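Comments concern the structure below.
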Amino acid sequence: MSDPAKSDLSGDTAAQPPAYLELLRHFHANLTDHRPLGVAVSGGSDSLGLLTGLAAVMRPEKLVALTVDHGLRAGSAEEARRVKARCRRLGIRHETLRWQSGQPVTGLQAAARAARYGLLAEACERLGLSAMVTAHTRDDQNETLVMRQARSTSEEAPGLAGIPPATLFDGRMWVLRPLLDCHREQVRQFLREAGAADWIEDPSNQDPRFERVRVRARLADHPALRQGSDGADIAARRSHLARQAAGLIDERCHVDAAGLVRMRCEAHDPSDPAMAALEALIDWLGGAARPLDRRGKATLASFIASGAKGGEGAATNLGRVLIRRLNGHLVLRRENRDIGKLVLEPGETGIWDRRFEIRNLSRSTALKVAGGGEHGIMPCFGRDNGASQRILTAEEGVVGGYICQALAGRASRILPVYQLPVAQAVARLAGLRPFPACPWPAAMKQAVGETTKAE
């Protein structure tokens, strides 16, 4: 068999830039899950360069190209067909995923991004893919950092770690980004030399209504980028902190029969690991849509630092969580307020209180979910079926015809690879299934600042 790195990718024999292909070859060699790999391909230069490069270092049958047609432009269906034709020439399976729901009037790009990843996650699960690979480049990273720096009030804000090399979506799909150290021009040069420079130019990339487009126009002159700030140091510190926080959760925390979390307090100093551990617990127990803001973090630090001065039974409320000091422990639970109700029609799935995912297995009756239990914070279930009513708990799903799965906070929705250790610790504490390991271990090494070059 001929070397795929020297194969004819476009119909014309062309020299291949060795550095680019070597990067992708090293990426492929370091994958631990050898099932087929999904590639998100829009037809633009970045994604086309990623697909073409991977086709040069992998067997075509180990790749599945997926194109999301958002239906936002008249030519989007034709662009998807062009990608499909390219995949046919490369011998790669291709599917087009269509966004069927209505588009919002505002926040269009954010909604399209969420829909895109949702469709890709469903396809990844359906097709049995090991992960999804996207073509984010150093240019995308720089644009993201500039936009986040403009909004940040702290030089150590989590968002300033930038785009991570790997992210877990919905607890089921790892998105891998092997091109974060490549500039877009390097990818385009590869395509030119491969005779495959017929990429699609998305007109939205020139539309100044979008923040990213405006940032891109003045990117080269941004002072932070001229100083070489790329978020790597922040990512490395956050990764180290996540491992320390995970250790504290494993060593000091337990859950009692009523669902309360007790964390042993051995000091009154709000150290960074203790703060990170508590923030992870608050995120899980409260199901908040966002992490604690600067004021919330300050309140938490002050409460920890007060120690014995706060007195036995002293309490505070943060992120929908009640925190109380009792018998040398901090006791945490969901506040008993603003706990809504949920009605799921037959076969429907929904999220209750942002803490539990529930699926109604019945084909005939609706399922009602409300707060109950000792503190009124756990899900209880009932049906209007004409019979005597019985209130069921999460553990009685087999009897009641439903599935109730606890979530691990925002980590169940989106989890950067450098936060994986603390998310796994929360999952252990909550008795949840562990999050799937990242199939690209080098991503964690990148996150902690270790070298990933081949020996």
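Numbering (this note's numbering) for the sequence shown: -4 to 450.
All C-beta atoms in this analysis are idealised placements derived from N, C-alpha and C, irrespective of residue type, glycine included.
Just so it is clear, the structure is predicted and the values come from calculations on it, not from any experiment.
TODO: Confirm, please, whether the CB-CB distance from residue 333 to residue 453 is below 7 Å.
DONE: The requested residue 453 does not occur in the structure, where the chain is confined to residues -4 to 450.
Task: Environment of residue 284 [buried if 16+ CB atoms lie within 10 Å] - done: exposed
Task: Short Cβ contact (7 Å threshold) for residue 195 with residue 74 - done: yes
- [ ] In the DSSP assignment, find the unbroken alpha helix (DSSP H) run with residue 245 in it and report its ends.
- [x] 227 to 247
Open item on the list: So, at 8 Å on beta carbons, what are the nonlocal neighbours of residue 379 in its own chain, with the 5 sequence-adjacent residues on each side left out?
Closed with: 360, 361, 363
Task: CA-to-CA distance, residue 167 to residue 120, given in whole angstroms - done: 8 Å
- [ ] Take the Cβ of residue 441 as the centre, count every other Cβ of all protein chains shown within 10 Å, and call the residue buried at 16 or more, exposed below.
- [x] buried
Open item on the list: If contacts are defined as beta-carbon pairs under 8 Å, then residue 110 and residue 65 qualify, I think. What distance do you get, rounded to the angstrom?
Closed with: 7 Å
Open item on the list: I'd like to know whether the C-beta atoms of residue 38 and residue 76 end up nearer to each other than 7 Å.
Closed with: no
- [ ] Kindly identify the DSSP beta-bridge partner or partners of residue 22.
- [x] Looking at the DSSP assignment, residue 22 forms no beta bridge with any residue, so it has no partner.
Open item on the list: With a threshold of 7 Å on Cβ separation, who are the neighbours of residue 16 within its own chain once the five nearest residues in sequence on each side are excluded?
Closed with: 0, 48, 51, 52
Open item on the list: Using the three-state DSSP reduction, which class does residue 362 fall into: helix, strand or coil?
Closed with: strand
TODO: Could you check how far apart the C-beta atoms of residue 323 and residue 375 are, in whole angstroms? I think they sit under 8 Å.
DONE: Contact flag wrong, Cβ pair sits at about 32 Å.
TODO: Please confirm whether residue 118 and residue 164 have their CB atoms less than 7 Å apart.
DONE: no
Task: Buried versus exposed call for residue 344 [16 or more other C-beta atoms within 10 Å across all chains shown] - done: exposed
Task: Beta-bridge partners of residue 168, as assigned by DSSP - done: 164
Task: Cβ-based neighbour list, residue 192, same chain, cut-off 7 Å, excluding 5 preceding and 5 following - done: 186
- [ ] For the beta strand (DSSP E) containing residue 90, list its first residue and its last residue.
- [x] 88 to 93
Task: Secondary structure of residue 36, DSSP reduced to three states - done: coil
TODO: Determine the DSSP secondary structure at residue 322, reduced to helix, strand or coil.
DONE: coil
Task: Sequence-distant residues of the same chain with beta carbon closer than 7 Å to residue 312, five excluded per side - done: 330
Open item on the list: Using the three-state DSSP reduction, which class does residue 298 fall into: helix, strand or coil?
Closed with: helix
TODO: Tell me, to the nearest whole angstrom, how far the beta carbon of residue 161 is from that of residue 143; I am working on the premise that it is less than 8 Å.
DONE: About 19 Å separates the two Cβ atoms, so there is no contact after all.
Task: Host alpha helix (DSSP H) of residue 279 (start-end) - done: 267 to 281
Task: Contact under 7 Å by Cβ, residue 33 with residue 59 - done: yes
- [ ] Measure the CB-CB distance between residue 42 and residue 106 and report whether it falls below 7 Å.
- [x] no
Task: residue 138 versus residue 174 - alpha carbon distance - done: 15 Å
TODO: Apply the 10 Å Cβ neighbour rule to residue 223 and answer buried if 16 or more other Cβ atoms are within range, or exposed otherwise.
DONE: Reliability of the predicted coordinates at residue 223 is poor, the pLDDT of 47 falling under 50, and the value obtained from them is presented with this limitation in mind. By the 10 Å Cβ count, residue 223 comes out exposed.
TODO: Could you tell me the distance, in whole angstroms, from the CA atom of residue 300 to the CA atom of residue 307?
DONE: 14 Å
Task: Whole-number beta carbon distance between residue 317 and residue 310, since they are thought to touch under 8 Å - done: 6 Å
TODO: Have a look at the DSSP bridge pairing and note the partners of residue 400.
DONE: 352
TODO: Give me the Cα-Cα distance between residue 236 and residue 414, rounded to the nearest whole angstrom.
DONE: 9 Å
Task: Rounded straight-line distance, which links the Cα of residue 84 to that of residue 36 - done: 15 Å
Open item on the list: So, at 8 Å on beta carbons, what are the nonlocal neighbours of residue 238 in its own chain, with the 5 sequence-adjacent residues on each side left out?
Closed with: 416, 417
- [ ] Give the DSSP bridge partners of residue 259, in chain order.
- [x] 324
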